[in-house]
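**Q** Just so we're aligned: 833 in the working numbering is position 247 of the sequence shown, and the numbers increase by one with no gaps anywhere.
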Amino acid sequence: MANPVKGFDDYFLSLTPESNKRNPWFIEYWEHYFKCKWPKSQSTPYNEYRRECIGNEKMSYSNGYEAEKQLQFVSDAVLAFGYAFKKMHQDLCPNVKGLCSQMVPIDGTLLLKYLQNINFTGLSGDYFQFTRLGDGPVRYNLIHFKQTEENTFQWVNVGTYEEEKLNLDLNKVQFRLNKPEVPTSVCSLPCGKGQAKKYIEGENCCWHCFDCTKYQFLITETRCAECPDGYLPDEEKLIITLLWFAFSPPKAINYYPNREDNQLVCAAYISPTYFIAFCYPIILIVICTVYAVLTRKIPEAFNESKYIGFTMYTTCVIWLAFVPIYFTTKTNISLNLMTMSIATNLSAFITLICLFTPKLYIILLHPEKNVRQSMMSHKQPVSKNNFSTIGTSSSKVDNIDAQSNGEFQF
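1. Exposed or buried, Ala666, counting other C-beta atoms within 10 Å across all chains shown (16 or more means buried)?
2. Which of the three DSSP states is assigned to His794 in this structure?
3. Just how far apart, CA to CA, sit Lys779 and Glu812?
4. Between Asn764, Asn727, Thr937 and Thr717, which has its C-alpha nearest Glu736's C-alpha?
5. Can you check whether the CB of Gln760 is closer than 8 Å to the CB of Lys732?
6. Count the other C-beta atoms from every protein chain shown that fall within 10 angstroms of the C-beta of Gln849, then say buried if there are 16 or more, exposed otherwise.
7. If I measure Cβ to Cβ from Asn753 and keep anything under 6 Å in the same chain, skipping five residues before and after, which residues do I get?
8. Based on the DSSP secondary-structure assignment, which residues constitute the bridge partners of Tyr784?
9. The alpha helix (DSSP H) spanning Val660 covers which residue range?
10. Leaving out the 5 sequence neighbours to the left and right, which residues in its chain are closer than 8 Å to Val983 when beta-carbon positions are compared?
11. Buried or exposed for Thr530, please, with buried defined as at least 16 other CB atoms from any protein chain shown within 10 angstroms of its CB.
12. DSSP on Ile692, reduced to helix/strand/coil?
13. Ends of the alpha helix (DSSP H) at Leu941?
14. Below 8 Å CB to CB, which residues in the same chain sit around Lys592 once its five sequence neighbours on both sides are set aside?
15. Alpha carbon to alpha carbon, how far is Lys758 from Pro867? Give it in angstroms, no decimals.
16. In chain order, what residues of the same chain lie with their CB nearer than 7 Å to the CB of Leu697, ignoring the 5 residues before and after it?
17. Among Cys865, Cys773, Lys800 and Phe864, which residue has its Cα nearest to the Cα of His794?
18. Between which two residues does the beta strand (DSSP E) harbouring Gln614 extend?
19. Between the C-alpha atoms of Lys683 and Gly694, what's the straight-line distance to the nearest angstrom?
20. Apart from the five residues on each side of it in sequence, which residues of its chain come closer than 6 Å, Cβ to Cβ, to Asp785?
21. Select from Leu775, Pro776, Thr734 and Ala782 the residue whose C-alpha is nearest the C-alpha of Arg762.
22. Just list the residues that DSSP pairs Cys852 with in beta bridges.
23. Could you check what DSSP says for Arg895 in three-state terms: helix, strand or coil?
24. Below 8 Å on the Cβ atoms is my contact criterion, and I expect Thr897 with Ile936 to pass it. Report the Cβ-Cβ distance as a whole number of Å.
25. Where does Ile805 fall in DSSP's three states?
26. Exposed or buried, Ala663, counting other C-beta atoms within 10 Å across all chains shown (16 or more means buried)?
27. Roughly how many whole angstroms lie between the Cα atoms of Leu756 and Phe739?
28. Which residues in the same chain as Leu657 place their Cβ atom closer than 6 Å to its Cβ, once the five residues preceding and following it in sequence are excluded?
29. With DSSP as the reference, label Asn757 as helix, strand or coil.
30. Classify Ala934 as buried or exposed, calling it buried when 16 or more other Cβ atoms lie within 10 Å of its own Cβ.
31. Pick out whichever of Ser600, Met926, Arg809 and Phe594 has its Cα sitting closest to the Cα of Lys655.
32. For my contact list, Lys623 and Tyr635 are in at a C-beta cut-off of 8 Å; report their separation, rounded to the angstrom.
33. Quick one: Cα of Ile884 to Cα of Ala782, how far?
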């Protein structure tokens, strides 16, 4: 980050070859700037101009003058050596004008120590001091190339970095016109569930994701391991089970349905939590029943809906009858278990009969009906308009037949 050197432009614009004879290269600069040849100047391949400079030309912003933007660094470098030499002279040659014997010749190592310790305010008004590593002050202007309007782009100053502090105006930062969202800027996105990372060779933050196999689970972010026999990998279903076991561990307890009986049963048997396992099948039954009702009037070719409907209606009736019987017979363990068994078997048996018996009937007894049916019926309804059209057509045919025995007149 460079700031203008105060007063430099006014000084430089006032210079002419006549007033700046101490600089032997200024005439060449003058010739190049005004595209003319200074009188009696040495001819070079770069000043072969036909027009001759007259000396009253004047540099200005309007005819192309533009100050060097990095001039501050040059002035700071010159001042840094000046302050270092001054401090070194004060310490080695006190009260002596010019160089003393201690500074002839100059000790470069000693001068470096003085340079590292100087500090001053430069001509630009900025404070200058070398860092502990010997670098100049770290100052940056943060400029952002963005679209300000349709088909128009420009550099915009959005902040600064000075003295190890970042000052950033995020309201000025824009990656797409009228869209303030910051785009994703990462080498690799996080891996999904059941995926392990394979790091790219030589990289610490870039990787490829690969799936663990069906019977593996993730043990670290880069390794999959085989599940024990009888288990499937599922981190969540595992968390739920562990929580369930933590709050309600399975155990056998003594249950007293009445004053005389003592039964050894599972703890969940005597609480409504026993029916948690039935939530999922109950939801499926309800959804299937609803869709069976909604699809009961679809065309005949889609006759599966009829059998599914019969199955679901029967299943609902069986389980609606089972629930009150089950809870009212809890005191009689034998009857209670028998009710559960009958309801489960009857539901499965009805499902087999309603869904598969019609198919077996067709396959075994009437194979000639086991053909692909048309999706929609080919029968066309007959309406009054059909009859009128047929009648009109018939009359036209009669007229043509009648006229075929005579002559047509046009």
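C-beta atoms are modelled at their ideal positions from N, C-alpha and C, and glycine is treated no differently.
Predicted, not measured: the structure shown is a model, and the values here were computed from it.
**A** Quick answer:
1. Working through the sequence shown from its first residue, we reach residue 666 at position 80. Classification of Ala666: buried, given that the 10 Å Cβ count is 16 or more.
2. Along the sequence shown, one-based indexing puts residue 794 at 208. Strand.
3. Taking the first residue of the sequence shown as 1, we reach residue 779 at position 193. Taking the first residue of the sequence shown as 1, we reach residue 812 at position 226. Rounded to whole angstroms, Lys779 to Glu812 spans 16 Å at the Cα level.
4. One-based indexing of the sequence shown puts residue 736 at position 150. Considering only alpha carbons, the answer is Asn764.
5. As a first step, residue 732 must be located in the sequence shown, where it is residue number 146. As a first step, residue 760 must be located in the sequence shown, where it is residue number 174. Contact flag set, yes.
6. As a working mapping, residue 849 is identified with position 263 in the sequence shown. Per the 10 Å Cβ criterion, exposed.
7. Here residue 753 refers to the residue found at position 167 when the sequence shown is read from its first residue. In chain order, Gly745 and Thr746 place their CB closer than 6 Å to the CB of Asn753, counting only its own chain and leaving out the 5 sequence neighbours on each side.
8. Here residue 784 is taken as the residue at index 198 of the sequence shown, counted from 1. Residue identity check: residue 784 is Lys in the sequence provided, not Tyr. The partner list for Lys784 (beta bridge, DSSP) reads His794.
9. Here residue 660 refers to the residue found at position 74 of the sequence shown. For Val660, the uninterrupted alpha helix (DSSP H) run begins and ends at Leu657 to Leu678, by DSSP.
10. For the purposes of this step, residue 983 is taken as residue 397 along the sequence shown, with counting starting at 1. Residue confidence is low: Val983 scores 37 on pLDDT, short of 50, so the model does not pin down where it sits. No coordinate-derived value is stated.
11. In the structure as shown, the chain starts at 587 and stops at 996, and residue 530 therefore has no counterpart that could be examined.
12. Here residue 692 is taken as the residue at index 106 of the sequence shown, counted from 1. Of the three classes helix, strand and coil, the one that applies to Ile692 here is coil, per DSSP.
13. As a position in the sequence shown, residue 941 is number 355, starting the count at 1. Start and end: Ile919 to Leu951.
14. To locate residue 592, count along the sequence shown from 1; it is residue 6. Taken in chain order, the residues that qualify are Leu709, Ser710 and Gly711.
15. For this step, residue 867 is matched to residue 281 along the sequence shown. For this step, residue 758 is matched to residue 172 along the sequence shown. Cα to Cα, the separation comes out at about 56 Å.
16. Working through the sequence shown from its first residue, we reach residue 697 at position 111. If we look at Leu697 and ignore the five residues flanking it on each side, its Cβ neighbours are Ala670 and Met674.
17. Position 208 of the sequence shown holds residue 794. Out of Cys865, Cys773, Lys800 and Phe864, Cys773 has the C-alpha closest to the C-alpha of His794.
18. In the sequence shown, residue 614 corresponds to position 28, counting from 1. The question names Gln, but residue 614 is Glu in the sequence shown. No beta strand (DSSP E) contains Glu614, which is instead part of the alpha helix (DSSP H) from Phe612 to Phe620.
19. If you number the sequence shown from 1, residue 683 lands on position 97. If you number the sequence shown from 1, residue 694 lands on position 108. For Lys683 and Gly694, the distance between alpha carbons rounds to 21 Å.
20. Numbered from 1 along the sequence shown, position 199 holds the residue referred to as residue 785. Looking at the sequence provided, one finds Tyr at residue 785 rather than Asp. Only Trp793 meet the Cβ criterion.
21. The residue labelled residue 762 in the question sits at position 176 within the sequence shown. Closest option to Arg762, Cα to Cα, is Thr734.
22. Residue 852 sits at position 266 when you count from the first residue of the sequence shown. Answer is Ala838.
23. Numbered from 1 along the sequence shown, position 309 holds the residue referred to as residue 895. One detail in the question is off: residue 895 reads as Gly in this sequence, not Arg. Of the three classes helix, strand and coil, the one that applies to Gly895 here is helix, per DSSP.
24. As a first step, residue 897 must be located in the sequence shown, where it is residue number 311. As a first step, residue 936 must be located in the sequence shown, where it is residue number 350. Between Ile936 and Thr897 the Cβ distance is about 7 Å, and since that is below 8 Å, they are a contact.
25. Position 219 of the sequence shown, counting from 1, holds the residue named residue 805. Strand, per DSSP.
26. Here residue 663 refers to the residue found at position 77 when the sequence shown is read from its first residue. It counts as exposed.
27. Position 170 of the sequence shown, counted from the first residue, corresponds to residue 756. Position 153 of the sequence shown, counted from the first residue, corresponds to residue 739. In a straight line, the C-alpha of Leu756 is about 18 Å away from that of Phe739.
28. As a first step, residue 657 must be located in the sequence shown, where it is residue number 71. These residues qualify, in order along the chain: Val591.
29. Counted from its first residue, the sequence shown places residue 757 at position 171. It is coil, neither helix nor strand.
30. Taking the first residue of the sequence shown as position 1, residue 934 is located at position 348. Under this definition Ala934 is an exposed residue.
31. In the sequence shown, counting from the first residue as 1, residue 655 sits at position 69. Of the listed residues, the one whose Cα sits closest to Lys655 is Phe594.
32. On the sequence shown, position 37 is the one that residue 623 refers to. On the sequence shown, position 49 is the one that residue 635 refers to. Contact annotation, Lys623 with Tyr635: C-beta distance approximately 5 Å; criterion of less than 8 Å satisfied.
33. Your numbering for residue 884 matches position 298 in the sequence shown. Your numbering for residue 782 matches position 196 in the sequence shown. Rounded to the nearest angstrom, the two C-alpha atoms are 48 Å apart.
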